[in-house]
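Structure first, then comments.
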Amino acid sequence: MTDIVDELRWRGLLAQTTDEDALKKAFADGPVTAYCGFDPTAASLHVGHLTQVLTLRRLQLFGHRPIALVGGATGLIGDPKPSAERAMNEVTTVVGWTDRIRGQLSAFLDFEGDEPNTAVMANNHDWISQLSIVEYLRDVGKHFSVNQMLARETVKSRLAGEGMSYTEFSYVLLQSYDFVELYRRHGCTLQIGGSDQWGNITAGLDLIRRITGNEPHGQAHALTTNLLTKADGTKFGKTEGGTVWLDPELTTPYAFYQFWLGADDRDVSRYLRTFSFRSREEIEGLERDGEERPAARIGQRALAEELTTMVHGVEQCAAVVEASKALFGQGDLTALDEPTLRSAVAELPGARLSEGPTVVDALVATGLAPSKGGARRTIKEGGAYLNNVKVADEDAVIGATDLLHGRWALLRRGKRNLAAAEITA
Numbered sequence: 014m015t016d017i018v019d020e021l022r023w024r025g026l027l028a029q030t031t032d033e034d035a036l037k038k039a040f041a042d043g044p045v046t047a048y049c050g051f052d053p054t055a056a057s058l059h060v061g062h063l064t065q066v067l068t069l070r071r072l073q074l075f076g077h078r079p080i081a082l083v084g085g086a087t088g089l090i091g092d093p094k095p096s097a098e099r100a101m102n103e104v105t106t107v108v109g110w111t112d113r114i115r116g117q118l119s120a121f122l123d124f125e126g127d128e129p130n131t132a133v134m135a136n137n138h139d140w141i142s143q144l145s146i147v148e149y150l151r152d153v154g155k156h157f158s159v160n161q162m163l164a165r166e167t168v169k170s171r172l173a174g175e176g177m178s179y180t181e182f183s184y185v186l187l188q189s190y191d192f193v194e195l196y197r198r199h200g201c202t203l204q205i206g207g208s209d210q211w212g213n214i215t216a217g218l219d220l221i222r223r224i225t226g227n228e229p230h231g232q233a234h235a236l237t238t239n240l241l242t243k244a245d246g247t248k249f250g251k252t253e254g255g256t257v258w259l260d261p262e263l264t265t266p267y268a269f270y271q272f273w274l275g276a277d278d279r280d281v282s283r284y285l286r287t288f289s290f291r292s293r294e295e296i297e298g299l300e301r302d303g304e305e306r307p308a309a310r311i312g313q314r315a316l317a318e319e320l321t322t323m324v325h326g327v328e329q330c331a332a333v334v335e336a337s338k339a340l341f342g343q344g345d346l347t348a349l350d351e352p353t354l355r356s357a358v359a360e361l362p363g364a365r366l367s368e369g370p371t372v373v374d375a376l377v378a379t380g381l382a383p384s385k386g387g388a389r390r391t392i393k394e395g396g397a398y399l400n401n402v403k404v405a406d407e408d409a410v411i412g413a414t415d416l417l418h419g420r421w422a423l424l425r426r427g428k429r430n431l432a433a434a435e436i437t438a
């Protein structure tokens, strides 16, 4: 089997490690216990978290033991942002978010059994809540230099602006203490995170050394992954509709599938290597196919189906694939169940119309035609479709029998321009 470090490097994930030779030896001697922390600062994880979640999964598949740490305590504070102070969420809200994120993480890692690589779920509220303020200052704070903390880029940028509260300033102490506790409790010797977490992770390594002397589990390590960027310069995981969440109540499975299907050709190779569990040979084959036939979006389809299945399950993936085909005339719209159709329609331009509108009115209202005259020309030229059926009559009316699930009419201009009209009484 390929060395896990080399595997991460091939996939473009490896950004930094503390001592690569020592880490490789630890992996070879294995199993290594590794953790990554996820703060519940929202009700759900989003696609940006998948890099770390799936890196933990790769470690487990290579025989190592992952710890998924949910920050029930640190989530009450939040990792400092470079620009402004985070809003403080209510304790009861964070508790609820903690439970939801634990549930999401449990779907990606194997927590069953008693094997050396069986995953562990942890919550830092279990130990941080037990620290008195005196213990915190004496046993943790004593090991941190204010000078070094002030030199951090996030701190410097905040101090140059509106400043920073002591609460956020001290976040690094709590994250570092997490590493100490996991080292003591579970023999955890590796923390992973995005490259923007390098300073926090190495601070944890230093705290382990100062408090435990690297005993009894030996030297601890740090590994960070490259932050994903998009070729067009926009932020990964964001769309015009906002953040792409893993929770189906916040981002529908259809929208989730479309996010990956719509990936820029310049990004798809990197996404495949970062997120897919296909073999190197399969991924390189998809990359070649994409170069030869970019219009087919082969890599995007493979990625969209794999990740939608991983996050939402086989049945949901099959439903959204059929919906995607049906919307563009390659399947039966009437066969789509109401929830799937509703989630698909939500991603389209649309308009609400009173019952009995003409197709011309609907084309204009949904933005598929600039005017009634333009709509009539589209119909006359054979480019207008109602529920995938070509409209021949310029005076055609959308009747009750045309409504999908008694509510929607799907309109299309040409091959790719779609919209939905919701018809109300």
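Here the sequence shown is numbered in my numbering, starting from 14 and rising by one per residue.
Backbone N, C-alpha and C fix where the C-beta goes; we use that ideal spot for every residue, glycine too.
Predicted model only: the values in this text are computed from it and were never measured.
- By alpha-carbon distance to Glu-351, the top candidate from Phe-341, Gln-329 and Ala-364 is Gln-329.
- When C-beta atoms of the stretch 42–55 are compared with those of the stretch 78–93, three or more pairs fall below 8 angstroms, so the two segments count as touching.
- Here Lys-37 really is in contact with Asp-16; their C-beta atoms are around 6 angstroms apart, less than 8 angstroms.
- For Gln-143, no beta strand (DSSP E) encloses it, and the DSSP letter there is neither H nor E.
- Contact between the stretch 234–246 and the stretch 60–68 is present: three or more C-beta pairs spanning the two stretches fall below 8 angstroms.
- Here the C-alpha atom of Arg-99 lies approximately 43 angstroms from the C-alpha atom of Leu-424.
- With contacts defined by Cβ atoms closer than 7 angstroms, Gly-312 and Leu-320 do not form a contacting pair.
- Residues Asn-137 and Trp-140 of the same chain have their beta carbon placed closer than 8 angstroms to that of Glu-194, with the five preceding and five following residues left out of the count.
- Residue range 363–367 is occupied by the beta strand (DSSP E) that includes Arg-365, with no alpha helix (DSSP H) assigned at that position.
- Taking the Cα positions, Leu-72 is about 20 angstroms away from Gly-116.
- Counting along the chain, Thr-238 sits inside the beta strand (DSSP E) bounded by residues 234–238.
- Where Leu-27 is concerned, the enclosing beta strand (DSSP E) starts and stops at 27–30.
- In the three-state scheme derived from DSSP, where H, G and I count as helix and E and B as strand, Ile-80 is classed as strand.
- Judged by DSSP in its simplified three-state form, Met-134 adopts strand.
- For Ile-90, the secondary structure class from DSSP, reduced to helix, strand or coil, is coil.
- For Asn-430, the enclosing beta strand (DSSP E) covers residues 430–437.
- Val-333 and Tyr-267 do touch by the CB rule: their CB atoms are close to 5 angstroms apart, below 8 angstroms.
- The Cβ atoms of Ala-388 and Ala-382 lie closer than 7 angstroms to each other.
- If you look at Trp-421, you'll find it in the beta strand (DSSP E) that goes 421–426.
- Restricting attention to beta strand (DSSP E) runs no shorter than 3 residues, the stretch 153–237 encloses them at 203–207, ordered along the chain.
- A Cβ-Cβ separation of about 14 angstroms leaves Ala-434 out of contact with Ala-359 under the 8 angstroms criterion.
- Under the Cβ criterion (8 angstroms, minimum of three pairs), the stretch 187–202 does not count as touching the stretch 158–171.
- With respect to the 7 angstroms criterion, Leu-346 and Ala-357 are not classified as neighbours on the basis of their beta carbons.
- For Gly-312, the enclosing alpha helix (DSSP H) starts and ends at 311–325.
- The criterion of a C-beta distance shorter than 7 angstroms is satisfied by Leu-399 and Val-372.
- DSSP places Leu-399 in the uninterrupted beta strand (DSSP E) bounded by 397–399.
- Comparing alpha-carbon positions, the option among Pro-362, Tyr-184 and Asp-112 lying closest to Thr-379 turns out to be Pro-362.
- Boundaries of the beta strand (DSSP E) around Gly-50: 46–51.
- Burial is judged here by how many other beta carbons sit within 10 angstroms of a residue's own beta carbon; Tyr-196 has at least 16 and is buried.
- By the C-beta density criterion, Arg-171 is buried, having at least 16 other C-beta atoms within 10 angstroms.
- Under DSSP, the beta-bridge partners assigned to His-59 are Trp-258.
- Secondary structure remark: continuous alpha helix (DSSP H) runs of at least 4 residues inside the stretch 273–314, in chain order: 278–288 and 293–305.
- For Thr-391, the enclosing alpha helix (DSSP H) starts and ends at 385–393.
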